[in-house]
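Structure first, commentary second.
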Amino acid sequence: METKCKRNGCKKPYNENENNDQACKHHPGKPIFSDLKKGWTCCNKIVYDWDEFTKIEPCAVGRHTNIDVNQGGEFYQSKTVENAQKGIDNFATNAPQPVRKIDDYNKEEAEKKKLLEQQQAKVQKQIFVTPTGKYKCTNKGCLKEYDPNENTECFFHPGEPCFHDLKKFWTCCKVEKYDWDEFMKIPTCAKGSHTPKVV
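Okay, here's the thing in structure tokens:
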């Protein structure tokens, strides 16, 4: 009759008639889960990825046992220990691995870090100031220098310039011209706030 071994790193079924001193490869120590670190107290090896943790080779051999040798509390008391220990059991039996939640956590932390870096990069951008101390508007059809302390309106084209065959026009007002100078003189069709150039 087969019995499941309770040693960490093994957790395999065994037959007592075939049990011997070299049958069980296991970790005699406790699992470590601290922050993002993962490892075993017996191996003194630390990894950060869950898959790498499950692949740490057992560092001891001995007989299989059905006696719980992991009593006496966990090495690190953390909320992830219980789920991680269940994951070790499931890993040996090819059952669904709830510890994938740890991978999700690592992914979320990486995304938060990336978002923070992007926000910091945006903050570091500075508004372009002309030699006369004014801002440069980037709205199409305006492109004028303006004093940010003055409440001036911006007259611009919200659409895009279009050049088809010999025709020239704006998609927002569709006044067609053939001459470039006449195209440049097409009156703007919208007004609003200036948009400063950033560098």
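For the sequence shown, the residue numbers in our numbering are -14 to 184. Ideal Cβ positions, reconstructed from N, Cα and C, are used throughout, including at glycine.
- Counting only the same chain and skipping the five closest in sequence on each side, list residues whose C-beta sits under 7 Å from that of tyrosine 61. Locating residue 61 in the sequence shown gives position 76, where the first residue counts as 1. Low per-residue confidence applies at tyrosine 61: pLDDT is 48, beneath 50, and the placement is therefore not dependable, though the value from the model is reported in the following sentence. The answer, listed in chain order, is Ile17, Phe18, Ser19.
- Item | Unbroken alpha helix (DSSP H) run spanning threonine 50, endpoints | For the purposes of this step, residue 50 is identified with residue 65 of the sequence shown, where counting begins at 1. Where threonine 50 is concerned, there is no enclosing alpha helix (DSSP H), given that its DSSP letter is neither H nor E.
- Message: Quick check for students: name the residue ranges of the alpha helix (DSSP H) that lie wholly in the stretch 124 to 177, counting only runs of 4 or more.
- Response: Fully contained in the stretch 124 to 177 are the following alpha helix (DSSP H) runs of length 4 or more, in chain order: 165 to 169.
- Query: Taking three-plus beta-carbon pairs below 8 Å as touching, is the stretch 115 to 122 in contact with the stretch 144 to 163?
  - Reply: They do not touch, by the three-pair rule.
- Item | Residues near asparagine 5 by beta carbon distance below 7 Å, same chain, minus five either side | Translated into the one-based positions of the sequence shown, residue 5 becomes position 20. Shown here for asparagine 5: same chain residues with a beta carbon closer than 7 Å to its own, the five before and five after excluded, namely Arg48 in chain order.
- Query: Would you report the Cα separation of asparagine 136 and valine 183, rounded to the nearest angstrom?
  - Reply: By 1-based counting over the sequence shown, the position of residue 136 is 151. By 1-based counting over the sequence shown, the position of residue 183 is 198. One alpha carbon belongs to asparagine 136, the other to valine 183, and they sit about 19 Å apart.
- Message: Tell me the residue span of the beta strand (DSSP E) that contains glutamate -13.
- Response: By one-based count along the sequence shown, residue -13 stands at place 2. Per DSSP, the continuous beta strand (DSSP E) segment holding glutamate -13 begins and ends at -13 to -11.
- Check the C-beta distance from arginine -8 over to valine 54 and give it rounded, since I have them as a contact under 8 Å. Position 7 of the sequence shown, counted from the start, is the residue given in the question as residue -8. Position 69 of the sequence shown, counted from the start, is the residue given in the question as residue 54. About 6 Å separates the CB atoms of arginine -8 and valine 54; that is less than 8 Å, so the two are in contact.
- Applying the criterion that 16 or more other CB atoms from any shown protein chain within 10 Å of the CB defines a buried residue, is glycine 177 buried or exposed? In the sequence shown, residue 177 corresponds to position 192, counting from 1. By the neighbour-count criterion, in which 16 or more other beta carbons inside 10 Å mark a residue as buried, glycine 177 falls on the exposed side.
- Message: Quick check for students: name the residue ranges of the alpha helix (DSSP H) that lie wholly in the stretch 0 to 52, counting only runs of 4 or more.
- Response: Qualifying alpha helix (DSSP H) stretches, in chain order: 35 to 39.
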